[in-house]
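Visitor:
Chains as they are written, first to last, in full-length UniProt numbering: chain P, 1 to 219; chain V, 1 to 123.
1) When the distance is taken between beta carbons, is residue 54(V) closer than 8 Å to residue 83(V)?
2) Let's see if you can read the secondary structure: which residues bound the beta strand (DSSP E) around residue 161(P)?
3) Rounded to the nearest angstrom, how far is the Cβ of residue 41(V) from that of residue 6(V), given a contact under 8 Å?
4) Within its chain, find whatever has a CB closer than 6 Å to the CB of residue 57(V); leave out the 5 residues flanking it on each side and keep chain order.
5) Compare the C-beta of residue 177(P) with all C-beta atoms of chain V and state if any pair is closer than 8 Å.
6) What is the DSSP secondary structure of residue 212(P), reduced to helix, strand or coil?
7) When the Cβ atoms of the segment 94-102 of chain P are set against those of the segment 75-84 of chain P, are three or more pairs found closer than 8 Å?
8) To the nearest angstrom, how far is it from the Cα of residue 23(P) to the Cα of residue 9(P)?
9) Taking the CB atoms as reference points, tell me whether residue 91(P) and residue 131(P) lie closer together than 8 Å.
10) Cβ closer than 8 Å: which chain P residues qualify as neighbours of residue 17(V)?
11) Start and end of the beta strand (DSSP E) containing residue 127(P)?
12) Flag this pair as touching only if the segment 189-198 of chain P and the segment 153-171 of chain P have three or more C-beta atom pairs under 8 Å; answer yes or no.
13) Distance cutoff 8 Å, beta carbons only. Does residue 25(V) sit that close to anything in chain P?
14) Select from 60(V), 93(V) and 109(V) the residue whose C-alpha is nearest the C-alpha of residue 102(V).
15) At a CB distance below 7 Å, what residues from the segment 99-118 of chain V approach chain P? Give them in sequence order.
16) To the nearest angstrom, how far is the alpha carbon of residue 179(P) from that of residue 66(V)?
17) In chain V, which residues lie less than 9 Å from residue 43(P) when you measure between Cβ atoms?
18) Given this structure, state the Cα-to-Cα distance separating residue 95(P) from residue 15(V), to the nearest angstrom.
19) From this set, 46(P), 38(P) and 70(P), which residue's C-alpha is nearest residue 299(P)'s C-alpha?
20) Within 10 Å of its beta-carbon, does residue 1(V) have 16 or more other beta-carbons around it, so buried, or fewer, so exposed?
21) Can you list the residues of chain V that residue 62(P) reaches, using a CB-CB cut of under 8 Å?
22) Taking residue 67(P) as part of the alpha helix (DSSP H), name the residues at either end of that continuous run.
23) Taking Cβ positions only, does residue 85(V) come closer than 8 Å to chain C?
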């Protein structure tokens, strides 16, 4: 199988591996918080001391926070898994990207990057292969990560007209240091070649920008 | 006769995890400190004496394995127990090849961890 044939299964595997790792962390925090409550209650029972309610409330608040985090991850994973149901579908690009960023949060953090979506005033749709577009967006992120320094914010900005997506600008910014011109590094990387090949399948082109990438969706 | 508490440094970017685990170990008589990155962990290890390091493998910035390599070059005698959220044992085995005492899977069992700490410190 060539790299284009393995793109979707590899992407699926990468997302599920990262998400399951993230869920292990969520469960680990819940387990330690519940364990700490148990420790405190057992100590009070054995030694007859008092536990301040604030101490237990603090553990409960941590558990609730992690349940919310876990729920967000698993519901995003569930919706993501269903994007493989159809080869072509009218897709809400902002919704699909928001979910992708939740699922790839750990991968981005490991690369020292922060991901963001620029405000968009209308829902933008695109009739496409939903799994392929997500694999392409992820590949675009990875492509940029190899050219950027840690501490960079990578922002997705969606452009379109009458509810239809025409372009995605993925740009890098850094509060501390200006981002270098990455065009040459991007266009000479093998990952960029993979990206352009993958985008071709959904009738889309990629062009390097000074500090990012422009994806243009053909009609 | 009083015995010195075992000094543990917990290095994990999941701060709620490490602070809660640190509190549980403190209740069991250990002296604990936490670091939220490999870099911060190395800073602690190079400036203070510890009996053991508990180190997460997957962290932003310096990875767990890179942190382990640096710890082993700074303080070769310091035992390191690795934590992994990976379903496979491959990363843990790689860590042991690099000199880690052992590895444990997340979520942890506190009794298993304390047994591991005692056995590593005795060694």
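Virtual Cβ for every residue (Gly too), placed ideally from N, Cα, C.
Guide: Well, looking at it:
1) yes
2) 153-161
3) The Cβ separation is near 17 Å, so there is no contact.
4) 64, 82, 84 and 91
5) no
6) strand
7) yes
8) 21 Å
9) no
10) 25, 28, 29 and 32
11) 125-128
12) no
13) no
14) 93(V)
15) 106, 107, 108 and 110
16) 26 Å
17) 27
18) 29 Å
19) Outside the displayed range of chain P (1 to 219) lies residue 299(P), so it cannot be described from this structure.
20) Confidence at residue 1(V) is low in this model, with a pLDDT of 49, below 50, so its placement is unreliable and the value that follows should be read with caution. Flag for residue 1(V) reads exposed.
21) 16 and 20
22) 53-82
23) Within the model displayed, chain C is absent; protein chains P and V are what it includes.
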